[in-house]
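J.: Below is a structure I'd like to ask you about.
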Amino acid sequence: MWEAIAAMFRDCERLGLAPEDLANARQAHIPKEGKDVRETDGALHAAAMRPITVLSALWRVWGRARLRNSDTAEWLESWLQPEICGGRRNVDALSSVIQLLEAACDNKFIATFDYSLAFDFTSPKLAAEIFEWLGMPIGTANLILSVWESQRRVLQYAGEANTNPEEVKTSLPQGDPWSLIAMAVVLLLPLLDLRRGPETTDIMLYVDDRAWASTNASDCMNFGRKWKDWSSRLGLKENEAKEKYYHQNYALALEEFAKVGAPPKTISGAPALLGVELAPETGRPFTDKEKRKSWTRLRWWQGRPAPFLYLPLAAFE
1 MWEAIAAMFR DCERLGLAPE DLANARQAHI PKEGKDVRET DGALHAAAMR
51 PITVLSALWR VWGRARLRNS DTAEWLESWL QPEICGGRRN VDALSSVIQL
101 LEAACDNKFI ATFDYSLAFD FTSPKLAAEI FEWLGMPIGT ANLILSVWES
151 QRRVLQYAGE ANTNPEEVKT SLPQGDPWSL IAMAVVLLLP LLDLRRGPET
201 TDIMLYVDDR AWASTNASDC MNFGRKWKDW SSRLGLKENE AKEKYYHQNY
251 ALALEEFAKV GAPPKTISGA PALLGVELAP ETGRPFTDKE KRKSWTRLRW
301 WQGRPAPFLY LPLAAFE
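Note that UniProt numbering gives residue 255 to position 255 of the sequence shown, counting from 1, and the numbers run on in steps of one.
In structure tokens, the structure reads:
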């Protein structure tokens, strides 16, 4: 049976097309932490749930086989930049956290951005075109695109399912490992452009979370404006509620960021890492002793086996 499935997918890659049934999916909805429910009946707003799209079992079998190839890491490293964490071996979200905390201790000005509905607004066609540009065979890229542009999602929630599938053509299926790589390739474009700028800036990316550290507030803000310009060009929507600026000296942060136009509500007394503000329970900023303790613990965890499934892209033959 597996030989027949392998032969089928070889033909799919050669033709750049997938059988229609491979585009069938179920979309589960996972409540986001910290979101309020309606007092009258305990209902949760749709925007407070994370949609996870699970494609067919055969699609996932093929994808996993492709992604587990030992030569895949070499292909990834041919274009993945050092600033990109996540989706690669031995580099995870913890790497970004450590970099940011170290930058904070070096008296740098830090900014963190996040997108709203990043997978929903990322163009599958654009991602597939960049796949080809980076060396993916056109048949493989077209195969992935044929599924993404023909999704039929059965919406599920609380044990119930909608009997009329939703047709989705312009969004990445969050839950498909190819989508994680698609986010990386789409954000590769602004990364390559922005790091050539005059600002003295350290850049860190984890999926759609972006962070950077600059030696002064002006460079930090200018870099953010350029990111927003790229986001607009790519059709991505910034999450303004998660736009944060930080310096370990909160008074200095308020003064310097205000000079360069940062809205007061975006200036934080604690570093915001991957969308979460890290601060003691009292709400005060971290002390130097607490920061040093955090680094020690983070470095210890960095040496432990990562609990995540890394998703390197498969080699193409």
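Every residue, glycine too, gets a C-beta built ideally from N, C-alpha and C.
#1: Among the residues of its own chain, which have a CB less than 6 angstroms from the CB of residue 15, if the five just before and after it don't count?
#2: If you compare alpha carbons, which of 50, 236, 239 is closest to residue 34?
#3: For the 8 angstroms Cβ check, are there 3 or more pairs between the segment 215–229 and the segment 188–200?
#4: Would you grab the beta carbon distance between residue 182 and residue 122 for me? Rounded to a whole angstrom, and I think it's under 8 angstroms.
#5: Whose C-alpha, out of 145, 207, 176, 147, is nearest the C-alpha of residue 188?
#6: Please determine if the segment 24–40 and the segment 149–161 are in contact, where contact requires at least 3 C-beta pairs separated by less than 8 angstroms.
#7: What residue range is occupied by the uninterrupted alpha helix (DSSP H) comprising residue 183?
#8: With DSSP as the reference, label residue 53 as helix, strand or coil.
#9: Per DSSP, what kind of secondary structure is residue 81 in: helix, strand or coil?
#10: Opposite residue 168 in the DSSP bridges: which residues?
#11: Assuming residue 70 and residue 119 are in contact, meaning their beta carbons sit under 8 angstroms apart, how far apart are those beta carbons, in whole angstroms?
#12: Quick one: is residue 304 buried, meaning 16 or more other Cβ sit within 10 Å of its Cβ, or exposed?
#13: What are the start and end residues of the beta strand (DSSP E) that includes residue 123?
#14: In whole angstroms, what separates the C-alpha of residue 45 from that of residue 114?
#15: Around the Cβ of residue 78, are there at least 16 other Cβ atoms within 10 angstroms (buried) or fewer (exposed)?
#16: Exposed or buried, which one is residue 37 when buried takes at least 16 other CB atoms within 10 Å?
#17: Is residue 23 near residue 143, with beta carbons less than 7 angstroms apart?
#18: From residue 315 to residue 8, what does the alpha carbon distance come to, in whole angstroms?
#19: Which same chain residues, not among the five before or five after residue 317, have their C-beta less than 8 angstroms away from its C-beta?
#20: So for residue 24, helix, strand or coil by DSSP?
#21: Just to check my reading of the structure: residue 320 and residue 130 have Cβ atoms closer than 8 angstroms, yes? What is that Cβ distance to the nearest angstrom?
#22: Just how far apart, CA to CA, sit residue 32 and residue 234?
#23: Excluding sequence positions up to five away, which residues of its chain have a Cβ less than 6 angstroms from the Cβ of residue 59?
#24: Roughly how many angstroms lie between the CA atoms of residue 63 and residue 165, to the nearest whole one?
#25: Is residue 100 near residue 254, with beta carbons less than 7 angstroms apart?
#26: By the DSSP assignment, the alpha helix (DSSP H) with residue 226 in it spans what residues?
#27: Tell me, which residues are paired with residue 213 by DSSP?
#28: Taking the alpha helix (DSSP H) that residue 35 falls in, what are its first and last residues?
#29: Could you check if residue 108 is buried or exposed, using at least 16 other CB atoms within 10 Å of its CB as the buried criterion?
T.: In short:
#1: none
#2: 50
#3: yes
#4: 6 angstroms
#5: 207
#6: yes
#7: 177–194
#8: strand
#9: DSSP places residue 81 in coil when its eight states are reduced to three.
#10: 151
#11: The pair is not a contact, with the Cβ atoms about 28 angstroms apart (cut-off 8 angstroms).
#12: No answer about residue 304 holds up, because its pLDDT of 43 lies below 50 and its placement is not dependable.
#13: Looking at the DSSP string, residue 123 is not in any beta strand (DSSP E), and its letter there is neither H nor E.
#14: Their Cα atoms are separated by approximately 21 angstroms.
#15: With fewer than 16 other Cβ atoms within 10 Å, it is exposed.
#16: exposed
#17: no
#18: With a pLDDT of 42 at residue 315, under the threshold of 50, the modelled position of that residue is not reliable, and no figure is offered here.
#19: With a pLDDT of 45 at residue 317, under the threshold of 50, the modelled position of this residue cannot be trusted, and the question is left open.
#20: strand
#21: As shown, the chain starts at 1 and ends at 317. That puts residue 320 outside it, with no answer to give.
#22: Computed Cα separation, rounded: 26 angstroms.
#23: 22
#24: 23 angstroms
#25: no
#26: Note, residue 226: alpha helix (DSSP H), 217–234.
#27: According to the DSSP secondary-structure assignment, residue 213 is paired through a beta bridge with 110, 202.
#28: Element bounds for residue 35: n/a, residue is neither H nor E.
#29: buried
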